[in-house]
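Undergrad:
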Amino acid sequence: MPDMPRQAHPRRLHPLAADFFDRPADTVARDLLGAWLVVRGADGRLRRHVVFETEAYLGGHDLACHGSKGMTARNAAMFGPAGRWYVYLCYGMHWMLNIVTGAEGLPAAVLIRGVGEHVGPGRVTKALGINRSFDGRPASRRVGLWLEPGGGRVPPRLVERTPRIGVGYAGAWAEKPLRFVVDPARLSTINNKGRPQP
DNA sequence: GCAGTGATCATA
DNA sequence: ATGATCACTGCC
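Each residue of the first sequence is one higher than the one before, starting from 293 at the first, in the numbering used here.
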């Protein structure tokens with residue numbers, strides 16, 4: 293029997309690396325829409341969740357950014373090189389997952405606020421079992437938590453920009469449109485070209 | 001609408 | 001040592 297028309301073979305995806313993250317946080321936040329957050333479970337199995345909501349924290353000049361008050365034990369990872377995780381505990385209960393962006397010494401990062409069917413940054417980390425142990429570590433297969441490219445750039449008309457959530461203390465910075473959202477339902481169509489995993 | 005929750009950091 | 005703060009969530 294001749295070959296069946298083959299389903300596109302799942303592209304062997306390489307994790308997004310430092311060069312992707314070594315750009316302004318708002319650019320990275322925008323471009324992460326449609327990317328995959330991949331986590332290796334305790335059983336060794338990989339789970340993929342498509343990123344649909346992010347927020348950019350631009351650096352020391354951004355009053356909503358933890359780095360704006362200088363380096364502390366908590367936010368040290370933000371000052372490190374791009375492509376590492378910055379994870380911290382919020383309200384004593386919720387782990388917040390960020391990927392560090394930009395040059396070493398610039399405290400910038402992107403908060404991952406929504407992936408797959410998980411809405412809200414605290415829910416994302418809870419669902420994926422992410423905690424402090426990832427803080428400061430490179431986003432890589434070795435660590436067991438990384439990001440991979442999606443099926444293509446999400447069209448601008450599908451990207452909604454709003455002010456960031458929960459940063460009312462930041463004055464004018466609270467109003468900057470640095471939150472990026474795309475409807476996950478639209479994403480699944482786009483990403484089927486790049487092959488999702490159930 | 002607001003209580004829960006506890007690490008973190010500035011102040012002392 | 002103490003107290004304010006907090007990039008949130010869940011239940012009232």
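All residues carry an ideal CB built from backbone N, CA and C; glycine is no exception.
1) Do residue 329 and residue 320 have their C-beta atoms closer together than 8 angstroms?
2) Locate the beta strand (DSSP E) running through residue 324, then write down its first and last residues.
3) Measure the Cβ-Cβ separation of residue 346 and residue 405 and say whether it is below 8 angstroms.
4) Provide the residue span of the beta strand (DSSP E) that contains residue 437, from first to last.
5) Could you compute how far the alpha carbon of residue 305 sits from the alpha carbon of residue 333?
6) Does residue 279 come out as helix, strand or coil in the three-state DSSP assignment?
7) Look at the alpha carbon of residue 255 and the alpha carbon of residue 354, and state the distance between them as a whole number of angstroms.
8) Within 8 angstroms, do at least three Cβ pairs link the stretch 442–461 to the stretch 308–316?
9) Report back the beta-carbon spacing between residue 471 and residue 393 to the nearest angstrom; my notes put them in contact at under 8 angstroms.
10) Which ranges does the alpha helix (DSSP H) cover as unbroken runs of at least 4 residues, wholly within the stretch 303–380, from first to last along the chain?
TA: On the basis of the supplied data:
1) No, Cβ-Cβ distance for residue 329 and residue 320 is not below 8 angstroms.
2) No beta strand (DSSP E) holds residue 324; the alpha helix (DSSP H) holding it covers 317–324.
3) Yes. Within cutoff.
4) Residues 437–440.
5) The straight-line gap from Cα to Cα measures roughly 18 angstroms.
6) Missing from the structure shown is residue 279; the chain here goes from 293 to 490 and no further.
7) It is not possible to answer for residue 255, since the shown part of the chain is limited to 293 through 490.
8) Touching, no, given that fewer than three Cβ pairs across the two stretches are closer than 8 angstroms.
9) With a beta-carbon spacing of about 15 angstroms, residue 471 and residue 393 fall beyond the 8 angstroms limit used to define contacts.
10) Within the stretch 303–380, the runs of alpha helix (DSSP H) that reach at least 4 residues and sit entirely inside it are, in chain order, 310–313 and 317–324.
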